[in-house]
Amino acid sequence: MTASTFIGTDIVSVKRIALLLKEHDDRFKVKSFSINEIEYCDGKANPSIHYAGRFAAKEAIKKCFLSSDLTEKLGLNKIEIISSENGAPVVSAVGDYEYADLIVSISHESDYAIAVAMLVV
288 MTASTFIGTD IVSVKRIALL LKEHDDRFKV KSFSINEIEY CDGKANPSIH
338 YAGRFAAKEA IKKCFLSSDL TEKLGLNKIE IISSENGAPV VSAVGDYEYA
388 DLIVSISHES DYAIAVAMLV V
């Protein structure tokens, strides 16, 4: 059987995420992020930009999974992105789905965060 590859991308306004954090802090965090992600982002000097990057990555990953027909829906809280020792984002979990590989890249600047994901099944 040959492998299939799916790509997803997403861009997020850092201001939009900052507003969600201000208005719905714990509710937004628990609905969208794991405990590990919350600890990581809250430990940064500018948490909003890191939440925005993780949020964009989760949306990009979600697009990969929806395109692959592995699922018809995927909650953001089922996706966990941690940092490797060198700081690169690593997808540690996506629910109970089986796949060959999943790679994500996140970039951000003051106004926007963008992410690209590649899923191999």
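Sequential numbering from 288 applies to the sequence shown in our numbering.
Glycine included, every Cβ here is placed at the ideal spot set by N, Cα and C.
Here the structure is a predicted model, which is why all the values come from computation and not from measurement.
- Under the three-state reduction of DSSP, Asp-313 is assigned to helix.
- Setting aside the 5 residues that flank it on each side, Ser-321 is surrounded in the same chain by Glu-367, each with a C-beta closer than 6 Å to its C-beta; the list follows chain order.
- Less than 8 Å separates the beta-carbon of Ile-336 from that of Ala-400.
- The beta carbons of Ala-404 and Ile-369 sit no closer together than 8 Å.
- As a beta-bridge residue in DSSP terms, Val-407 pairs with Thr-292, Asp-388.
- Around the Cβ of His-395, a 10 Å sphere holds 16 or more other Cβ atoms; the residue is buried.
- Just so you know, the alpha carbons of Ile-298 and Asn-373 end up roughly 23 Å apart.
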